[in-house]
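Undergrad: Let me give you the structure first, and then I'll get to my questions.
Here you go:
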């Protein structure tokens, strides 16, 4: 497990939300893989990332067997966490008609680490 900064811990462990439009991966379009900041499990490919204009990186498909979904009926949303280490990633929304999969993983940049594709 990677050592987390206080800011990373607030989001990843304490489940805070990073401010919209402040994360380094919101407007990041390089080719590669996004992994969990805490344990480096591959979570998303850059091919699944899309512009949702919501202020956080958005993906319409996770890497198979990487994400755990937990319903949060109080806020009518579903929390997503890393299946391996339990790190809080963000929330998933369905039915917004933004992509063909009709799914949006709204992820805190601080919960991710980007690994560029080998050229």
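Residue numbers (the UniProt record's numbering): 1 to 119.
Just so you know, even glycine gets a beta-carbon here, dropped at the ideal spot from N, CA and C.
Predicted model only: the values in this text are computed from it and were never measured.
Taking residue 81 as the reference, which of 40, 26, 5 and 25 has the closest Cα?
TA: Answer by Cα proximity: 40.
Undergrad: What does the alpha-carbon distance come out to for the pair residue 103 and residue 8?
TA: If you take the alpha carbons of residue 103 and residue 8, they lie about 25 Å apart.
Undergrad: Using the three-state DSSP reduction, which class does residue 96 fall into: helix, strand or coil?
TA: The answer is coil: DSSP assigns residue 96 none of H, G, I, E or B.
Undergrad: Output the boundary residues of the alpha helix (DSSP H) element that contains residue 7.
TA: Where residue 7 is concerned, the enclosing alpha helix (DSSP H) stretches over 6–12.
Undergrad: Which two residues bound the contiguous beta strand (DSSP E) that contains residue 23?
TA: First-last for residue 23: undefined, no H or E at that position.
Undergrad: Around the C-beta of residue 65, are 16 or more other C-beta atoms found within 10 angstroms, so that it is buried, or is it exposed?
TA: Under this definition residue 65 is an exposed residue.
Undergrad: Which class does residue 110 belong to by DSSP, given the choice of helix, strand or coil?
TA: If DSSP states are grouped into helix, strand and coil, residue 110 belongs with the helices.
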